[in-house]
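**Q** Going down the list, the sequences are from chains H and F.
First residue of the first sequence? That's 1 in our numbering, and the numbers climb one at a time after it.
First residue of the second sequence? That's 385 in our numbering, and the numbers climb one at a time after it.
Every residue, glycine too, gets a C-beta built ideally from N, C-alpha and C.
What you are looking at is a predicted structure, and each value in this text was computed from that prediction instead of being measured.
Sharing a structure below in structure tokens format, with a few things to ask.
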Amino acid sequence: MLKITEGSYAVAEAVKLCRPQVIAAYPITPQTHIVEALAEMVANCEIDGEYITVESEFSALSACLGASAAGSRAYSATTSQGLALMFEVCFNMAGLRLPMVMTIANRALGAPLSIWNDHQDTISLRDSGWFQLYAEDNQEATDLHFIAYKVSEDHNVLLPGMVCFDGFILSHTYEPVDMPVQEEVDGYLPPFTPYHRLDAGDPISMGMYATPEYYMEFRYQIQQAMEQAGKTLVAAGKEFSEHFGRDYGSLVEGYRLDGADTALIAMGSVCGTIKDAVDEMRDAGRKVGLLKLRAFRPFPEREIVAALNNVNTVAVLDKNISLGNSGAAGTEVKAALAGSGITVLDYVIGLGGRDVRKRDIARVVDLAEKGEGDMFYGLRTEVL
Amino acid sequence: MSAADWQRIDRLPNIYCAGCGNGSVINCTLAAVEEMGWTRENTVFISGIGCSSRAPGYILTDSLHTTHGRALAFATGVKLANPALNVVVFTGDGDLAAIGGNHFIHACRRNVDMTAICMNNQIYGMTGGQGSPTTPRGAISTTTPYGSAEPVFDLAELAVAAGANHVARWTSYHVKELMAAIATGLQTPGFSLVEVMTQCPTNYGRRNRLRQVSDMIEHLRTHALLVQKRDRLIREGKPIPEGMFVVGELVRRHRPAMGVRA
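Structure below.
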């Protein structure tokens, strides 16, 4: 049923429908509305689970790791500095192959201190072994939670996953969201059946020391699981469309790429703006399209290569910067398209909440078609 | 320098809500700093994250606005790098008692020569009123919609137990006593904690039947139990009234301190 709701409350509602058993989170803007809503749902017995008001994000994810290890469906949400504080636990959780889903309301990292949106927080965790999905709007943010739990808990995957949606731009925006009912979600997402768990009747030791004879093989298996996560995401996305009528059966989404000379690549809410900008440019006779990356981890290299077969120029919009190199998606798209003859240019854009407007998208296309790129777009040179 | 000379007038109006107690705490601190005769050249204010931690932004001297909970750890580095500096830390209950709890007890244990002023409004104010480790039992917050069920930290007693050389607690109502306590903290070699029970009308009071600012301040005043009175009650074998918190100087001592100029 369609309902007008704030992005954070839509996510909280989606999480509730996933029947989490342990929720642990710490307040941080702009994520807080999600966990406030969940705290109330637990207090009202709408969720049959525990809510832990932990003392830090580090404790939040640690508690979730423990809950998952004990065989429970765990959930947390955070952003920015909070995610940075979780760094150590993120790697541990993936390494222990413990499933969970965490929502990230993407926000810039300090210093300087900023509460506004970019993707630096999650991009900085791209090597942690969590799969990462980026939502364009609140409907997608809602739906990706059902898919993420299904994939995370799949015994061929067993990796934690992040559902990333843009702080404030989505988290604090009211949009119509088609919210499934409990029976529908139960029909799609089965209860969590742990592959391995702490069970006194069948004792195992988790998190033990791996000598050099074994460490690399563990890491290799995580990498294999991540590759499997890509396939499982596609399958779970297709199954989702059979249940709910909305199609997430690909790690990427093309928009008006047919006959495009120039393709933009982006992640998150800016894709909505780009689609409008593409429509206007198409109306003006310019052959422009968009390739949205829904998954950044696993990186959808094959899908990108297939989707951009016929374009001449690719402009990657990165709401992050790998300082000392360039935007993360730009670097990886360049690697994916190496040798194809396609010109790939990277634009670091919209950092720390700097608005990205339709005319900025058009200017990026202008620059790309002139071969100018690999740059910060929209710098205020008067304050430099 | 007079207290007014320490204000960054160009940063006004500040972000604090109408009726917030933090302004009183900042004013008392600056008055104590004036009393000490400190100058901009030898004074640094350090803070973490939260409403309390915005304070250094309104004070005209060097300041370090750091990450959530870590102010004392950063301040320890500043003090040991340059022991000639007077180091004052502004923090809050979420910053000090929750995410920064570990740094807090170790700063007390090491007895690092600095003064930490904790604006304890018993709630995460800046993020919209979630329950903190000092939210009283039964109090309503956005994460405890039917009342907090967890016991609270007594920050001042924690600091005493962990080894701080000076610990005092007052409220935003007791401005004269607070100013004097901060001045004592600034003079004391070693770690000083001055905990200030302060009002958050926006995110605490309005959810807890203390809708008016004056209601909150009156609540703080009437629930403050002077330490001497508490001790007398204990001596006489009488019960301590429920819901009261102790105010006054809890400890002043001379344990060896870190970062004290020889």
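Could you check if S205 (chain H) is buried or exposed, using at least 16 other CB atoms within 10 Å of its CB as the buried criterion?
**A** Working through the first sequence from its first residue, we reach residue 205 (chain H) at position 205. It counts as exposed.
**Q** Which stretch, first to last residue, makes up the alpha helix (DSSP H) that contains I265 (chain H)?
**A** In the first sequence, residue 265 (chain H) corresponds to position 265, counting from 1. Element bounds for I265 (chain H): not the alpha helix (DSSP H) but the beta strand (DSSP E), T262 to A266.
**Q** Whether or not the stretch 413-433 of chain F and the stretch 562-573 of chain F are in contact is what I'm after, with contact meaning three or more pairs of Cβ atoms, one per stretch, closer than 8 Å; do they touch?
**A** Touching, yes.
**Q** So L456 (chain F) and A500 (chain F) are in contact, right, with Cβ under 8 Å, and what is the actual spacing, rounded?
**A** For the purposes of this step, residue 456 (chain F) is taken as the residue at position 72 of the second sequence. For the purposes of this step, residue 500 (chain F) is taken as the residue at position 116 of the second sequence. Sure, about 6 Å apart at Cβ, within 8 Å.
**Q** Going straight from the alpha carbon of E36 (chain H) to that of A523 (chain F), what length do you get?
**A** Translated into positions along the first sequence, residue 36 (chain H) becomes position 36. Translated into positions along the second sequence, residue 523 (chain F) becomes position 139. Roughly 15 Å between the two C-alpha positions.
**Q** Based on Cα-Cα distance, which residue from H:R297, H:T78, H:I23 and H:E13 lies nearest to Q228 (chain H)?
**A** Along the first sequence, read from residue 1 onward, the residue named residue 228 (chain H) stands at position 228. Cα-wise, what sits closest to Q228 (chain H) is H:R297.
**Q** So, using beta-carbon positions, are Y255 (chain H) and L233 (chain H) closer together than 8 Å?
**A** Within the first sequence, numbered from 1, the residue matching residue 255 (chain H) stands at position 255. Within the first sequence, numbered from 1, the residue matching residue 233 (chain H) stands at position 233. No, Cβ-Cβ distance for Y255 (chain H) and L233 (chain H) is not below 8 Å.
**Q** Taking only beta-carbon positions, decide if L113 (chain H) is within less than 8 Å of chain F.
**A** Taking the first residue of the first sequence as 1, we reach residue 113 (chain H) at position 113. Chain F, which has a Cβ nearer than 8 Å to the Cβ of L113 (chain H), makes this yes.
**Q** Determine the contact status of I28 (chain H) and V42 (chain H), defining contact as a CB-CB distance below 8 Å.
**A** Taking the first residue of the first sequence as position 1, residue 28 (chain H) is located at position 28. Taking the first residue of the first sequence as position 1, residue 42 (chain H) is located at position 42. Against a cut-off of 8 Å, the Cβ pair of V42 (chain H) and I28 (chain H) comes out as no contact.
**Q** Note down, in chain order, each residue of its chain lying with its Cβ closer than 8 Å to the Cβ of H33 (chain H), except the 5 sequence neighbours on either side.
**A** Numbered from 1 along the first sequence, position 33 holds the residue referred to as residue 33 (chain H). Closer than 8 Å at the Cβ level, and outside the excluded window around H33 (chain H), lie E6, S8, Y9, A12, S171 and H172.
**Q** Does the beta-carbon of F165 (chain H) have 16 or more other beta-carbons within 10 angstroms, so that it is buried, or is it exposed?
**A** Position 165 of the first sequence, counted from the first residue, corresponds to residue 165 (chain H). Result: buried.
**Q** Which residues in the same chain as E140 (chain H) place their Cβ atom closer than 7 Å to its Cβ, once the five residues preceding and following it in sequence are excluded?
**A** The residue labelled residue 140 (chain H) in the question sits at position 140 within the first sequence. No residues qualify anywhere along the chain.
**Q** In the DSSP assignment, what residue or residues form a beta bridge with T176 (chain H)?
**A** Residue 176 (chain H) sits at position 176 when you count from the first residue of the first sequence. For the record, residue 176 (chain H) in the displayed sequence is Pro; it is not Thr. Answer is H:I4, bridged to P176 (chain H).
**Q** Can you tell which of H:G82, H:G66 and H:A69 has the C-alpha that lies nearest to the C-alpha of E55 (chain H)?
**A** The residue given as residue 55 (chain H) occupies position 55 in the first sequence. Taking only the C-alpha atoms, the option nearest E55 (chain H) is H:G82.
**Q** Please classify Q31 (chain H): is it buried, with 16 or more other beta-carbons within 10 angstroms of its beta-carbon, or exposed?
**A** Start at 1 with the first residue of the first sequence, and residue 31 (chain H) comes out as number 31. Buried: at least 16 other Cβ atoms inside 10 Å.
**Q** Would the beta-carbon of V365 (chain H) fall within 8 Å of that of T343 (chain H)?
**A** As a first step, residue 365 (chain H) must be located in the first sequence, where it is residue number 365. As a first step, residue 343 (chain H) must be located in the first sequence, where it is residue number 343. It is not a contact, given that the beta carbons lie outside the stated cut-off.
**Q** CA-CA distance, Q224 (chain H) and K231 (chain H)?
**A** The residue you call residue 224 (chain H) lines up with position 224 of the first sequence. The residue you call residue 231 (chain H) lines up with position 231 of the first sequence. Taking the straight line joining both Cα atoms gives about 11 Å.
**Q** I28 (chain H) versus chain F: which residues are under 7 Å apart at the beta carbon?
**A** For this step, residue 28 (chain H) is matched to residue 28 along the first sequence. Those are T511, listed as they occur along chain F.
**Q** Per the DSSP calculation, H550 (chain F) is bridged to which residue(s)?
**A** By 1-based counting over the second sequence, the position of residue 550 (chain F) is 166. Note: H550 (chain F) sits in a beta bridge opposite F:S576 and F:R636.
**Q** Could you tell me whether any Cβ in chain H is nearer than 8 Å to the Cβ of P640 (chain F)?
**A** To locate residue 640 (chain F), count along the second sequence from 1; it is residue 256. No, P640 (chain F) does not count as interfacial toward chain H.
**Q** Is the beta carbon of G432 (chain F) sitting closer than 8 Å to the one on T475 (chain F)?
**A** Within the second sequence, the letter at position 48 stands for residue 432 (chain F). Within the second sequence, the letter at position 91 stands for residue 475 (chain F). Cβ distance < 8 Å, so G432 (chain F) and T475 (chain F) count as in contact.
**Q** Against chain H, which members of the stretch 489-504 of chain F pass a CB distance test of less than 9 Å?
**A** For the stretch 489-504 of chain F, which is checked against every Cβ of chain H, not one residue is closer than 9 Å.
**Q** Mind listing the chain H neighbours of G485 (chain F)? Cutoff is C-beta to C-beta under 8 Å, in chain order.
**A** Mapped onto the second sequence, residue 485 (chain F) falls at position 101. Those are E55, listed as they occur along chain H.
**Q** Starting from the C-beta of L604 (chain F), find all residues in its chain whose C-beta is less than 8 Å away, skip the five residues before and the five after it, and write them out in chain order.
**A** Residue numbering aside, residue 604 (chain F) sits at position 220 when the second sequence is read from its first letter. The residues are T555, S556, Y557, M581, T582 and Q583.
**Q** For C401 (chain F), which three-state DSSP category applies?
**A** The residue you call residue 401 (chain F) lines up with position 17 of the second sequence. Reduced to three states, the DSSP call for C401 (chain F) is coil.
**Q** So is A482 (chain F) in contact with chain H if we call contact Cβ pairs under 8 Å?
**A** Along the second sequence, one-based indexing puts residue 482 (chain F) at 98. Closer than 8 Å: yes.
**Q** Could you pull the start and end residues of the beta strand (DSSP E) that H449 (chain F) belongs to?
**A** Here the question's residue 449 (chain F) lines up with position 65 in the second sequence. Per DSSP, H449 (chain F) belongs to the beta strand (DSSP E) from D446 to H449.
**Q** Measure the beta-carbon distance from P585 (chain F) to G441 (chain F) and round it to whole angstroms, keeping in mind my assumption that it falls under 8 Å.
**A** For the purposes of this step, residue 585 (chain F) is taken as the residue at position 201 of the second sequence. For the purposes of this step, residue 441 (chain F) is taken as the residue at position 57 of the second sequence. Not really, about 21 Å apart at Cβ, beyond 8 Å.
**Q** Less than 7 Å between C-beta atoms, sequence neighbours within five positions excluded: which residues of the same chain meet that for A415 (chain F)?
**A** Residue numbering aside, residue 415 (chain F) sits at position 31 when the second sequence is read from its first letter. Within the same chain, A415 (chain F) has close Cβ partners A387 and M563.
**Q** Span of the beta strand (DSSP E) holding D318 (chain H)?
**A** For the purposes of this step, residue 318 (chain H) is taken as residue 318 along the first sequence, with counting starting at 1. Unbroken beta strand (DSSP E) run through D318 (chain H): T313 to D318.
**Q** According to DSSP, is I169 (chain H) part of a helix, a strand, or is it coil?
**A** Taking the first sequence and counting its residues from 1, the one referred to as residue 169 (chain H) is at position 169. I169 (chain H): coil per DSSP, three-state reduction.
**Q** According to the Cβ coordinates, are F575 (chain F) and N495 (chain F) closer than 8 Å?
**A** The count along the second sequence starts at 1 and reaches residue 575 (chain F) at position 191. The count along the second sequence starts at 1 and reaches residue 495 (chain F) at position 111. Contact flag set, yes.
**Q** Taking only the alpha-carbon atoms, compute the straight-line gap between S124 (chain H) and W116 (chain H) and give it to the nearest angstrom.
**A** To locate residue 124 (chain H), count along the first sequence from 1; it is residue 124. To locate residue 116 (chain H), count along the first sequence from 1; it is residue 116. Using only the alpha carbons, I get a separation of about 16 Å.
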